[in-house]
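*Asks:* First the structure, which I've put down as structure tokens, then a few questions once you've had a look.
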Amino acid sequence: MGQREINTDTLRAWLDAGKKVTVLDVRPTGEREEWKIPGSIHIDAYTELKKNNPDALKLVNFDKSIPVVTVCAGGKTSSNAAEILHNSGYETYNLQGGMKSWSLAWNTASIVFDASPVGGQDFEIIQFRRTGKGCLSYMVISDLEAMIVDASLPVEVYQEFIDQRGLVLNYVADTHIHADHLSRTLELAEKHGINPSLPSNDKLSFPFNPIADGQDFSIGSIKIKAIHTPGHTLESSSYLINDKVLLTGDTLFTNGVGRPDLKADKEEAEKKAILLFHSIQKLIRLDQSIIVMPGHTSQPVAFDNQPIQSLLREVVKNTQLLKESEQEFVQSLLKRIPNPPENYLKIVEKNITGDFTDVNPIDLEAGANRCAIS
Numbered sequence: 001m002g003q004r005e006i007n008t009d010t011l012r013a014w015l016d017a018g019k020k021v022t023v024l025d026v027r028p029t030g031e032r033e034e035w036k037i038p039g040s041i042h043i044d045a046y047t048e049l050k051k052n053n054p055d056a057l058k059l060v061n062f063d064k065s066i067p068v069v070t071v072c073a074g075g076k077t078s079s080n081a082a083e084i085l086h087n088s089g090y091e092t093y094n095l096q097g098g099m100k101s102w103s104l105a106w107n108t109a110s111i112v113f114d115a116s117p118v119g120g121q122d123f124e125i126i127q128f129r130r131t132g133k134g135c136l137s138y139m140v141i142s143d144l145e146a147m148i149v150d151a152s153l154p155v156e157v158y159q160e161f162i163d164q165r166g167l168v169l170n171y172v173a174d175t176h177i178h179a180d181h182l183s184r185t186l187e188l189a190e191k192h193g194i195n196p197s198l199p200s201n202d203k204l205s206f207p208f209n210p211i212a213d214g215q216d217f218s219i220g221s222i223k224i225k226a227i228h229t230p231g232h233t234l235e236s237s238s239y240l241i242n243d244k245v246l247l248t249g250d251t252l253f254t255n256g257v258g259r260p261d262l263k264a265d266k267e268e269a270e271k272k273a274i275l276l277f278h279s280i281q282k283l284i285r286l287d288q289s290i291i292v293m294p295g296h297t298s299q300p301v302a303f304d305n306q307p308i309q310s311l312l313r314e315v316v317k318n319t320q321l322l323k324e325s326e327q328e329f330v331q332s333l334l335k336r337i338p339n340p341p342e343n344y345l346k347i348v349e350k351n352i353t354g355d356f357t358d359v360n361p362i363d364l365e366a367g368a369n370r371c372a373i374s
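For the sequence shown, UniProt numbering assigns the number 1 to the initial residue and increments by one for each residue that follows.
Written as structure tokens, this is what we have:
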């Protein structure tokens with residue numbers, strides 16, 4: 001075969017560096033709607049490629065000076081596409097493992113808060129984005145001390161930043177027990193000889209430092225305050241960083257709210273929806289100039305170095321659910337809940353035990369997240 005293969009790390013590095021590359025997605029249209037590589041081109045040629053039809057991509061007319069990476073769900077059918085394009089004169093690569101492997105691809109964006117014009121303390125927030133999965137995690141840095149929130153990537157990713165910056169990791173925390181990805185919080189904390197910090201709950205089967213409502217963390221010269229915001233889950237909490245940034249986990253998104261139904265029957269989901277309403281009311285009473293940085297996004301994250309964020313006033317303005325009464329909010333929310341993916345309950349159970357030795361993260365975490373309702 002003339003075509004070659006490329007792995008997720010290499011394609012991620014190419015896109016992060018701004019290398020010119022054409023990413024061709026050949027999956028069926030329905031598979032692409034929620035889960036895709038930013039900037040990719042879609043041609044629904046899956047059926048014809050499965051038939052080994054040499055004319056499956058006869059309409060393709062890309063710039064032949066730019067390499068083409070072909071993508072499908074698992075990397076098999078896209079190999080046929082890569083071979084066809086190679087025979088047509090393109091420099092082609094097939095993405096190993098397809099979109100399943102791409103779920104671990106990531107990029108970053110950061111915000112530095114310069115205290116000098118307005119007083120207060122300097123600090124930086126690095127947003128780690130699983131571009132194909134939508135999971136967002138954070139490293140908060142002040143005076144060479146750090147706290148990591150909602151770690152969802154292999155610990156080596158965070159460790160590289162820690163080593164490059166010469167940081168001391170004081171805390172590793174989650175906003176809640178996650179259902180759409182395996183939490184790397186326990187593993188990262190153990191690597192640094194500290195206990196993980198999680199909102200107080202009676203579910204976890206490993207030692208952790210319980211986070212209470214109103215609890216403060218000190219990172220360098222700044223303060224991070226925990227705010228209990230139950231609803232998405234009963235233990236869900238948000239973290240207010242130096243009264244300027246709010247990490248909201250899956251409670252509040254830039255244009256939506258969290259779903260209240262995971263591991264809940266209809267009655268329990270309604271009770272959690274009521275809790276969520278009051279939690280969000282607590283948040284939107286904060287200073288409207290606070291920056292909201294959520295735990296997920298429903299769109300593929302571009303390699304653009306632009307943080308996924310919104311001013312609290314803009315979140316309120318752009319989210320219709322936040323303008324409704326309690327009864328309207330609950331009814332609207334319950335009507336819009338999508339079916340939970342099959343892997344969610346298993347992921348929750350794994351995060352409760354902290355033991356991932358018998359699972360393949362690529363297989364278990366595959367698929368887009370569906371935590372937000374707008």
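Where a beta carbon is used, it is the ideal one built from N, C-alpha and C, also for glycine. These numbers come from a predicted model, not from an experiment.
1) State the DSSP-derived secondary structure class of residue 1, mapped to helix, strand or coil.
2) Can you say whether residue 98 is buried or exposed, counting buried as having 16 or more other CB atoms within 10 angstroms of its CB?
3) Where do the ends of the alpha helix (DSSP H) carrying residue 46 lie?
4) Can you tell me where the alpha helix (DSSP H) holding residue 106 begins and where it ends?
5) State yes or no: is the beta carbon of residue 365 nearer than 8 Å to at least one beta carbon in chain D?
6) Which full runs of the alpha helix (DSSP H) of 4+ residues lie inside the UniProt domain "Rhodanese" (17-111), going along the chain?
7) Excluding the 5 residues preceding and the 5 following residue 195 in the sequence, name in chain order all residues of the same chain whose CB lies nearer than 7 Å to its CB.
8) If residue 343 and residue 364 are in contact, beta carbons under 8 Å, what's the gap, nearest whole angstrom?
9) By the three-class DSSP mapping on this structure, what secondary structure does residue 361 have?
10) Quick test of the definition: if touching needs 3 or more C-beta pairs under 8 Å, does the stretch 157-164 touch the stretch 223-241?
11) Measure the C-alpha to C-alpha separation of residue 375 and residue 231 and round it to an integer number of angstroms.
12) Taking the alpha-carbon positions, what's the residue 238 to residue 131 distance?
13) Where do the ends of the beta strand (DSSP E) carrying residue 198 lie?
14) Give me whichever residues DSSP pairs with residue 216 in a beta bridge.
15) My assumption, with CB atoms under 8 Å, is that residue 253 sits in contact with residue 330. Please give the rounded CB distance.
16) Determine the contact status of residue 291 and residue 246, defining contact as a CB-CB distance below 8 Å.
17) Taking its Cβ as the centre, do 16 or more other Cβ atoms sit within 10 Å of residue 137, making it buried, or is it exposed?
18) Suppose you measure from the CA of residue 13 to the CA of residue 19; what does that come to, to the nearest Å?
19) On a CA-only basis, which of 31, 80, 201 and 174 is nearest residue 5? Give me that one, please.
20) When DSSP labels each residue in this structure, what does residue 302 get in the three-state scheme?
21) So, with DSSP's three-state summary, where would you put residue 7?
22) Please report the straight-line C-alpha distance between residue 179 and residue 353, rounded to a whole angstrom.
23) Thinking just about the alpha-carbon of each residue, which of 250, 127, 46 and 43 is nearest to the one in residue 303?
24) Apart from the five residues on each side of it in sequence, which residues of its chain come closer than 6 Å, Cβ to Cβ, to residue 85?
*Replies:* Well, looking at it:
1) Bear in mind that a pLDDT of 47 at residue 1, under 50, signals an unreliable position, so the model cannot answer this.
2) buried
3) 46-50
4) First-last for residue 106: 106-113, but that is the beta strand (DSSP E), not the alpha helix (DSSP H).
5) Note that chain D does not occur in the displayed structure, where there is just one protein chain.
6) Runs of the alpha helix (DSSP H) inside the UniProt domain "Rhodanese" (17-111): 29-32, 46-50, 77-87 and 98-102.
7) Hits under 7 Å: 189, 207, 208 and 209.
8) 6 Å
9) helix
10) no
11) Residue numbering for the chain in the displayed model covers 1 to 374; residue 375 lies beyond these limits and cannot be assessed.
12) 22 Å
13) 197-199
14) 225
15) Not a contact, Cβ separation roughly 18 Å.
16) Cβ distance < 8 Å, so residue 291 and residue 246 count as in contact.
17) buried
18) 9 Å
19) Taking residue 5 as reference, the option from 31, 80, 201 and 174 with the minimal CA-CA separation is 80.
20) Residue 302: coil per DSSP, three-state reduction.
21) coil
22) 13 Å
23) Ranking the options by Cα distance to residue 303, first place goes to 127.
24) 68 and 92
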